[in-house]
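**Student:**
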Amino acid sequence: MWDKATILRKLEVPQREEEADVWKTSRWLNRDNVPLPPSRRTWGAWSFVGYWVATGVNISGWTAGSSLLSLGLTVGEAMAVVVIGQLLVAGCVILTGLFGAQWHVGFPMWNRVVWGIRASFFPLANRIVLSFTWCACQAWFGGQVLKTLLGSIWPSIYNMHNSIPASSNLTSVDFMCFMLFLLISLPLLYIPPEHYRKPFLFTAASSTITAFALFFYSLAKGHGAGPLIKSTAPELTGTAQVYGSALGWAMVYGISSSQLGGICAGILNMSDYSRFAVKPGDQILSQAVIVPVMGTITCLIGIVCTSVAAQTYPDDGLMWEPYQLLTAIQNNGGRGARAAVFFASLAFLISQFGINIAGNAISGGIDLASLLPKYINIRRGAYITTIMALPMCPWALLSGATVFLSVMSGYATFLGPMTGLMVFDYIFVRRQKVKLSALYNASPSSIYYYWKGVNWRAPVAWVIGVAPVFPGFLASVSTVTVSEGAQKMYYLCFPAGFVISGTVYLAFCKIWPVPGVGEVDAYDIFGTFGEPGTQMDGFTDGPVYELARAIGQAAYDEKDEKDVAMVVPV
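Numbering-wise (the working numbering), the sequence shown opens with residue 404 and increments by one.
(1) Looking at the structure shown, is residue 832 part of a helix, part of a strand, or coil, going by DSSP?
(2) From the DSSP output, in three-state form, read off residue 844 for me.
(3) Kindly indicate the opening and closing residues of the alpha helix (DSSP H) around residue 673.
(4) Could you have a look at residue 792 and say whether DSSP puts it in helix, strand or coil?
(5) Using beta-carbon positions only, say whether residue 489 and residue 694 come within less than 8 Å of one another.
(6) Over the uninterrupted alpha helix (DSSP H) stretch that includes residue 442, give me the two end residues.
(7) Give me, in chain order, the residues of the same chain whose beta-carbon lies closer than 6 Å to that of residue 496; leave out the 5 immediate sequence neighbours on both sides.
(8) Would you say residue 853 and residue 519 are within 8 Å of each other, going by their C-beta atoms?
(9) Can you give me the C-alpha to C-alpha distance between residue 613 and residue 705, rounded to a whole angstrom?
(10) Measure the CB-CB distance between residue 832 and residue 909 and report whether it falls below 8 Å.
(11) Since residue 655 is in the alpha helix (DSSP H), which residue starts that stretch and which ends it?
(12) Would you say the region 814-822 touches the region 448-457, given that touching needs at least three Cβ pairs under 8 Å?
(13) In three-state terms, what does DSSP make of residue 680?
(14) For residue 756 and residue 893, I'd like the C-alpha separation in whole angstroms.
(15) With a threshold of 16 other CB atoms inside 10 Å of the CB of residue 414, please say whether the residue is buried or exposed.
(16) Report yes if the CB atom of residue 765 is closer than 8 Å to the CB atom of residue 772, and no otherwise.
(17) Checking 8 Å against the spacing of the C-beta atoms, do residue 439 and residue 679 come in under that value?
(18) Near residue 607, what residues of its chain come up, given a Cβ to Cβ distance below 7 Å and the 5 sequence neighbours on each side ignored?
(19) In whole angstroms, what separates the C-alpha of residue 655 from that of residue 836?
(20) Tell me where the alpha helix (DSSP H) around residue 590 begins and ends.
(21) When DSSP labels each residue in this structure, what does residue 857 get in the three-state scheme?
(22) Could you tell me whether the Cβ atoms of residue 750 and residue 609 are closer together than 8 Å?
(23) Our contact map puts residue 927 next to residue 933 with C-beta atoms below 8 Å; I'd like the distance itself, whole angstroms only.
(24) Let's test the definition: count the other Cβ atoms within 10 Å of the Cβ of residue 918 and tell me whether it reaches 16, buried, or not, exposed.
(25) Answer with buried or exposed for residue 407, where buried requires no fewer than 16 other C-beta atoms within 10 angstroms of its C-beta.
(26) Just the Cα atoms here: how many angstroms apart are residue 944 and residue 761?
(27) Would you check if the distance between the CB atom of residue 868 and the CB atom of residue 888 is smaller than 8 Å?
(28) I want to know whether the region 532-540 touches the region 698-715 - three or more CB-CB distances under 8 Å.
(29) With burial defined as no fewer than 16 other Cβ atoms inside 10 Å of the residue's Cβ, what is the status of residue 555: buried or exposed?
(30) Count the other C-beta atoms from every protein chain shown that fall within 10 angstroms of the C-beta of residue 569, then say buried if there are 16 or more, exposed otherwise.
(31) Based on Cα-Cα distance, which residue from 432, 430 and 469 lies nearest to residue 722?
(32) Would you give the residue range spanned by the alpha helix (DSSP H) that residue 690 belongs to?
(33) Look at the alpha carbon of residue 472 and the alpha carbon of residue 713, and state the distance between them as a whole number of angstroms.
(34) Using the Cα positions of residue 700 and residue 616, report the straight-line distance between them to the nearest angstrom.
(35) Less than 8 Å separating the beta-carbons of residue 522 and residue 856?
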């Protein structure tokens with residue numbers, strides 16, 4: 404009978420023989436959080452284009468206009484918010500992608516630099532919880548699209564007997580489709596991220612063609628863009644149009660909440676994907692162009708299609724979700740409409756698999772692989788993240804969508820300062836120099852160990868960045884009343900937190916300098932830039948130093964595994 408030690412050994416992440424010559428899997432590293440070798444870096448510029456198109460043409464982006472028009476904005480004002488917001492998003496993802504593209508490690512490793520080896524678990528835990536939550540919600544949307552697809556084949560599915568109480572906020576067919584979406588996702592998770600280039604391009608092509616087909620169909624059907632584009636937009640949305648300073652602050656809030664807040668989790672961990680870049684510059688131009696273009700186009704298509712549907716199907720209200728629109732098209736059409744709905748639903752379903760697997764499940768897998776690297780790799784973490792969608796009960800979360808979405812977009816209150824810390828530390832403090840070997844050394848000899856594994860400057864600066872906007876966040880999700888100034892400060896939650904925490908952290912580092920600034924490894928320890936053990940020419944313009952142990956001598960010690968988790972190669 405197996406004892407506990409034997410069971411734990413069986414559960415360990417398998418390591419390839421050739422990798423064991425360079426490093427050993429431990430509680431601090433495995434092949435998925437170690438700096439990626441050239442063989443695993445397969446994302447060129449077009450891969451990043453495919454990533455953002457595949458994850459951009461989706462239900463969340465399609466419905467972005469609804470939240471903006473609900474603020475009392477006209478369509479023109481809402482689109483101005485989208486353009487400005489998406490340009491800011493592009494700038495942010497480029498900044499947070501720099502670290503991964505240069506050093507080929509992701510968000511968890513970056514935060515070991517900023518927060519300290521042990522304190523880095525705090526931002527990591529925040530990101531994992533968000534991955535669980537968004538994976539569940541996107542899987543729910545995917546289930547709704549799957550229901551539309553199945554309904555185009557068997558319309559009787561809409562009349563399927565419901566055995567679930569109404570108080571549960573879902574029906575039997577909703578639950579069935581949600582579970583089917585999760586089950587179909589599982590085999591797709593087996594594909595490693597370095598092989599996503601072709602799936603991204605296929606998903607991007609199918610979803611983009613479908614979105615434009617619906618766009619031109621709606622324009623032809625409505626002989627124009629519909630009533631939302633006209634001055635009747637506030638009447639249709641049931642909101643009062645805003646003017647003057649109120650208009651300005653509504654637009655600021657839209658930029659911060661709907662645009663930056665809606666994707667702040669993706670901004671935070673962009674380095675998890677940029678680490679797969681073939682060259683450091685591959686992520687820059689492609690994201691600078693495609694992020695604002697796709698974000699703006701998707702939102703515009705969503706507004707126009709919803710607008711025309713309000714004119715064509717006036718009794719159905721505003722149908723912001725594309726699966727609602729497709730259901731209405733089927734119900735009011737014939738056989739041709741059912742065929743069109745099938746192919747459109749299939750494209751949106753593929754898109755949902757793309758955004759949920761790449762943007763949520765794999766993201767959670769990458770983070771979990773650094774939380775427990777000895778037992779979890781990206782694939783295992785992705786399975787865990789997907790399975791966690793069921794206990795998250797997204798139907799309950801989304802049943803009170805107003806409060807839930809306020810909380811999720813308002814989470815920028817906490818993620819904006821985290822992002823600011825990372826960017827300011829890497830660009831202004833470290834000057835883009837990182838000592839990779841120290842990221843996996845949890846002993847006081849590591850320059851990222853600081854004080855007992857905690858860089859006190861980061862949590863203090865983070866709290867200072869959160870404090871000014873937290874009262875407004877609290878008021879947005881509860882009945883608490885705050886001053887007008889506090890409310891307006893919250894409207895700036897992401898940029899304010901980003902700048903405040905980043906600036907305070909920079910000041911702390913000037914007054915109390917962090918150790919090891921400018922240090923890089925004298926040798927390519929992990930074979931990140933070529934053959935393991937070669938000199939790091941071009942990366943050694945910081946202080947020259949010797950490795951903690953002679954080249955070829957293992958720093959990894961079996962009896963002291965909890966402190967040092969690295970093998971230095973010959």
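All residues carry an ideal CB built from backbone N, CA and C; glycine is no exception.
**Tutor:** So, from the data block:
(1) Within the sequence shown, numbered from 1, the residue matching residue 832 stands at position 429. Here residue 832 sits in helix by DSSP.
(2) Counting from 1 along the sequence shown, the entry for residue 844 is found at position 441. Three-state DSSP puts residue 844 in a strand.
(3) Here residue 673 refers to the residue found at position 270 when the sequence shown is read from its first residue. It is not in any alpha helix (DSSP H) - residue 673 carries neither H nor E in the DSSP assignment.
(4) The count along the sequence shown starts at 1 and reaches residue 792 at position 389. The answer is coil: DSSP assigns residue 792 none of H, G, I, E or B.
(5) Translated into positions along the sequence shown, residue 489 becomes position 86. Translated into positions along the sequence shown, residue 694 becomes position 291. A contact, by the Cβ cut-off of 8 Å.
(6) Taking the sequence shown and counting its residues from 1, the one referred to as residue 442 is at position 39. Where residue 442 is concerned, there is no enclosing alpha helix (DSSP H), given that its DSSP letter is neither H nor E.
(7) Taking the first residue of the sequence shown as position 1, residue 496 is located at position 93. If we look at residue 496 and ignore the five residues flanking it on each side, its Cβ neighbours are 670, 673 and 690.
(8) Here residue 853 refers to the residue found at position 450 of the sequence shown. Here residue 519 refers to the residue found at position 116 of the sequence shown. Yes, Cβ-Cβ distance for residue 853 and residue 519 is below 8 Å.
(9) The sequence position of residue 613 within the sequence shown is 210, counting from 1. The sequence position of residue 705 within the sequence shown is 302, counting from 1. Roughly 12 Å between the two C-alpha positions.
(10) For the purposes of this step, residue 832 is taken as the residue at position 429 of the sequence shown. For the purposes of this step, residue 909 is taken as the residue at position 506 of the sequence shown. Yes, Cβ-Cβ distance for residue 832 and residue 909 is below 8 Å.
(11) Start at 1 with the first residue of the sequence shown, and residue 655 comes out as number 252. Where residue 655 is concerned, the enclosing alpha helix (DSSP H) stretches over 647-656.
(12) no
(13) Taking the first residue of the sequence shown as position 1, residue 680 is located at position 277. Looking at residue 680 - three-state DSSP - the assignment turns out to be strand.
(14) Looking up residue 756 in the sequence shown gives position 353. Looking up residue 893 in the sequence shown gives position 490. Straight-line Cα distance between these residues: approximately 33 Å.
(15) Working through the sequence shown from its first residue, we reach residue 414 at position 11. Classification of residue 414: exposed, given that the 10 Å Cβ count is below 16.
(16) Translated into the one-based positions of the sequence shown, residue 765 becomes position 362. Translated into the one-based positions of the sequence shown, residue 772 becomes position 369. No, the pair does not count as a contact, with Cβ atoms beyond the cut-off.
(17) Position 36 of the sequence shown, counting from 1, holds the residue named residue 439. Position 276 of the sequence shown, counting from 1, holds the residue named residue 679. Taking 8 Å as the Cβ cut-off, residue 439 and residue 679 qualify as a contacting pair.
(18) Here residue 607 refers to the residue found at position 204 when the sequence shown is read from its first residue. Short of 7 Å from the beta carbon of residue 607, and not among the five residues preceding or following it, lie these beta carbons of its own chain, in chain order: 453, 456 and 457.
(19) Within the sequence shown, the letter at position 252 stands for residue 655. Within the sequence shown, the letter at position 433 stands for residue 836. In a straight line, the C-alpha of residue 655 is about 35 Å away from that of residue 836.
(20) Translated into positions along the sequence shown, residue 590 becomes position 187. Taken as a continuous stretch (DSSP letters only), the alpha helix (DSSP H) holding residue 590 covers 575-591.
(21) Within the sequence shown, the letter at position 454 stands for residue 857. Residue state, collapsed to three classes: strand.
(22) To locate residue 750, count along the sequence shown from 1; it is residue 347. To locate residue 609, count along the sequence shown from 1; it is residue 206. Yes, these two residues count as a Cβ contact at 8 Å.
(23) To locate residue 927, count along the sequence shown from 1; it is residue 524. To locate residue 933, count along the sequence shown from 1; it is residue 530. Yes, residue 927 and residue 933 are in contact; Cβ-Cβ is about 6 Å, under 8 Å.
(24) Numbered from its first residue, the sequence shown carries residue 918 at position 515. That one is exposed.
(25) The sequence position of residue 407 within the sequence shown is 4, counting from 1. Flag for residue 407 reads exposed.
(26) For the purposes of this step, residue 944 is taken as residue 541 along the sequence shown, with counting starting at 1. For the purposes of this step, residue 761 is taken as residue 358 along the sequence shown, with counting starting at 1. Note that residue 944 scores a pLDDT of 36, beneath 50, so its modelled location is shaky; the value from the coordinates is reported in the next line. Distance between the alpha carbons of residue 944 and residue 761 is about 36 Å.
(27) The sequence position of residue 868 within the sequence shown is 465, counting from 1. The sequence position of residue 888 within the sequence shown is 485, counting from 1. Not closer than 8 Å, so no.
(28) no
(29) Counting from one through the sequence shown, the residue named residue 555 turns up at place 152. Label assigned to residue 555: buried.
(30) Residue mapping note: residue 569 aligns to position 166 of the sequence shown, counting from 1. Classification of residue 569: exposed, given that the 10 Å Cβ count is below 16.
(31) Counted from its first residue, the sequence shown places residue 722 at position 319. Selected option, being the one with the closest Cα: 469.
(32) Locating residue 690 in the sequence shown gives position 287, where the first residue counts as 1. Unbroken alpha helix (DSSP H) run through residue 690: 685-715.
(33) In the sequence shown, the residue the question calls residue 472 occupies position 69. In the sequence shown, the residue the question calls residue 713 occupies position 310. Looking at the two C-alpha atoms, the distance is approximately 15 Å.
(34) Along the sequence shown, one-based indexing puts residue 700 at 297. Along the sequence shown, one-based indexing puts residue 616 at 213. Distance between the alpha carbons of residue 700 and residue 616 is about 13 Å.
(35) Within the sequence shown, numbered from 1, the residue matching residue 522 stands at position 119. Within the sequence shown, numbered from 1, the residue matching residue 856 stands at position 453. Closer than 8 Å, so yes.
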